[in-house]
């Protein structure tokens, strides 16, 4: 993807978008994983889903993601999240997936000292 970008700034912005969409909240939640009951699999899937959604929202102006959402889904997300819903959707999906998967997967007894 970076080879198709016009300059270094646009490549850095793409990397920043992926980082914010998938990595920020799982990293912050790892500091409080015992209180929030976050599992490693929940954090991993949050990075994958959030980062993947961030990439799909940037590829060709979000054409792929918009086609997955359908017209009614786009209208709903625009009403709920505002006109920049393609930028906010990865963050919300990341948090939702992290919490949801952490609740349904068993916690490991292994702890890092």
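Numbering (the numbering used here), first residue to last: 70 to 182.
C-beta atoms are modelled at their ideal positions from N, C-alpha and C, and glycine is treated no differently.
Rounded to whole angstroms, what is the Cα-Cα separation between residue i and residue j?
{"i": "residue 122", "j": "residue 136", "result": "13 angstroms"}
{"i": "residue 130", "j": "residue 172", "result": "34 angstroms"}
{"i": "residue 109", "j": "residue 163", "result": "14 angstroms"}
{"i": "residue 96", "j": "residue 174", "result": "19 angstroms"}
{"i": "residue 102", "j": "residue 143", "result": "33 angstroms"}
{"i": "residue 81", "j": "residue 87", "result": "10 angstroms"}
Nearest CA to the CA of residue i: which residue from the options?
{"i": "residue 119", "options": "157, 176 and 139", "result": "157"}
{"i": "residue 124", "options": "85, 175 and 169", "result": "85"}
{"i": "residue 126", "options": "171, 76 and 83", "result": "83"}
Closer than 8 angstroms by C-beta to residue i: which residues in its own chain qualify, once you throw out the five before and the five after it? Chain order, please.
{"i": "residue 94", "result": "115, 119, 160, 163, 164 and 167"}
Residues in the same chain with beta-carbon distance under 6 angstroms from residue i, minus the five sequence neighbours each way, listed in chain order, please.
{"i": "residue 107", "result": "98 and 171"}
Under the criterion of a Cβ to heavy atom distance below 8 angstroms, does residue i qualify as lining the ligand FMN?
{"i": "residue 142", "result": "Of ligands this structure carries none, so the ligand FMN is not represented either."}
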